[in-house]
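Accompanying notes for the structure given below.
Residue numbers (the working numbering): 688 to 892.
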C-alpha cells in the first residue's frame, strides 16, 4: 500500500511539471493541428501523425525550460520521457478504448516499466510513472499521472497505487491531500489488440 508520505513524495517531485506539461502539450497540439488542417490531412490515417507532431513540439518547448531538475528526452516509437534522479515519467496519449491508459504491448522493456515494486521494498524514489494526456470536451489538455503496479495484456485489468489528475499549476497541486487505501486503484481497461492500442490514435492530437 502506498503510504501518505510516499504519495506526497511523488506529488512534490512532479509539482514543477504541472504548468510546463500542460502548456507544452497545448502549444504542441495547436501547432500540429494547424499543420495538418492547413494541408487538409484530416482523415483517420493521419491521426497518429498529429499525436507524434504534438509531442515533437512539446519536447522542443520543454527542452528550453528550467524544469527543476527534470530532463526531457525522446525515446523509441516517438515517446517523450522525463527523468530526475531515479524517477521517470513516460508521456502517453490516452487510449481510445477503455479508461485511458494504454497497455504496454509485448515489448519487454515497456512491460517492466509498468511493474513498479511495492514501496516497502525500495521506496518510491525510483517510481516509473505514466502521464497520460487527452483533450476534454472544452478542448483543454488534461493529464493523468499514474504509478502502475502490474503489467497487463489486452482485455485484462490493470491497477495503480497512485492516480492523480494533474492540476494546471503548482499552486493547485500543492493543495491536494492524499488519502490512503488498502485497495489498489482499478484502472479498468479493455483492448482488442495490445500491439495496436499501445497508445491512443483516436481524435485530433
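All C-beta atoms, glycine included, are put in the ideal place defined by N, C-alpha and C.
Judged by DSSP secondary structure, residue 861 falls within the alpha helix (DSSP H) whose first and last residues are 857-861. For residue 817, the enclosing beta strand (DSSP E) covers residues 815-822. In terms of Cβ geometry, residue 836 and residue 850 do not form a close pair [threshold 7 Å]. Between the stretch 750-761 and the stretch 786-802 there are fewer than three C-beta pairs closer than 8 Å, too few to call the two in contact. Residue pairing by DSSP puts residue 774 in a beta bridge opposite 771.
Under the three-state reduction of DSSP, residue 754 is assigned to coil, being neither helix nor strand. Under the Cβ criterion (8 Å, minimum of three pairs), the stretch 771-780 counts as touching the stretch 796-815.
Annotation for residue 718: 740, 741 and 744 place their beta carbon closer than 8 Å to its own, counting only its chain and skipping 5 residues before and after.
In the displayed model, residue 709 falls within a helix according to three-state DSSP. Rounded to the nearest angstrom, the gap between the Cα atoms of residue 736 and residue 853 is 25 Å. Short of 6 Å from the beta carbon of residue 801, and not among the five residues preceding or following it, lie these beta carbons of its own chain, in chain order: 791, 835 and 838. Going by DSSP, residue 831 is part of the beta strand (DSSP E) stretching over 828-835. Taking 7 Å as the cut-off, the beta carbon of residue 697 is found closer than this to the beta carbon of residue 811. Secondary structure of residue 729 (DSSP, three-state): coil.
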